[in-house]
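> Position 135 (the sequence shown) corresponds to 134 in numbering that gives the first Met the number 0; numbering is contiguous. Here a beta-carbon is modelled for each residue, glycine too, at the ideal position from N, C-alpha and C.
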Amino acid sequence: MILVNDKMQSGYGYELQEEEGCNFAPDFKPELTPQEMLELGVFEGHYLNDCQDEFPSSWFVRAKLSLSKPDIRCNCFKVKSRLSLYEWQQKGWIYQPDVRGWFQWYCRYYMGRRIPTVDALQIKRWKAFKRHKAQIEKNCKMFDFECRQKQRQALLQWAYNPFF
């Protein structure tokens, strides 16, 4: 049993039903692991800072983190490409029990937690985000990583490989 006790959530616990990184839904094929995302630089280095105990310590060995405040220099593309948690909450994009949003869901799913209704909803959202990859392919020359950096950073934050 994983017990959660951090700044945003306490009294929540969950069982891991699958091995880490295994047995994903057939239509969910993320291109990056949570560890790879953290190492490349996501969410201004400030997303999981107070809840690292919930996740494997190996994920944070080479993670680009900013412990005091969000810092876009920690992002892979050095640009801000996200809305605040408050804005996500206002838009109704936060689904219980994952109070931090999609990436927290993905980390827990990757570790082996399964909640079929929540998983189906979050996978649907992940699939819809792929439209940004199509826009980059349509509007950027191959390997031109200066082109559409905000969209590339956003792709990275949704477990899509932004390097194409």
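From LYS68, GLU38, LEU31, ASN48, pick the residue whose C-alpha is nearest to that of ASP5; which is it?
ASN48
> Return the residue from the list GLY12, MET141, GLN8 that minimises the CA-CA distance to TYR1.
The residue asked about is misnamed: residue 1 is Ile in this sequence, not Tyr. Selected option, being the one with the closest Cα: GLY12.
> Restricting to Cα atoms, I'd like to know which of PHE163, SER83, GLN34 is closest to ASP143.
PHE163
> If you measure between the beta carbons of GLU18 and GLY100, is that distance less than 8 Å?
no
> How close, in whole Å, do the beta carbons of GLN134 and VAL78 come, if the pair is a contact with beta carbons under 8 Å?
Not a contact, Cβ separation roughly 16 Å.
> DSSP state of ASN48, grouped into three classes?
ASN48: helix per DSSP, three-state reduction.
> Which residue wins for smallest C-alpha separation from GLU75, given the options VAL41, ASP52, PHE128, CYS50?
Note on identity: in this sequence residue 75 is Cys, with Glu being the wrong assignment. Per the Cα distances, VAL41.
> Under the three-state reduction of DSSP, which class applies to VAL3: helix, strand or coil?
strand
> According to DSSP, is TYR13 part of a helix, a strand, or is it coil?
Under the three-state reduction of DSSP output, TYR13 falls in the strand class.
> Near ILE71, which residues of its chain fall below 7 Å by C-beta distance, leaving aside the five closest residues on each side in sequence?
Closer than 7 Å at the Cβ level, and outside the excluded window around ILE71, lie GLU43, LYS77, VAL78, LYS79.
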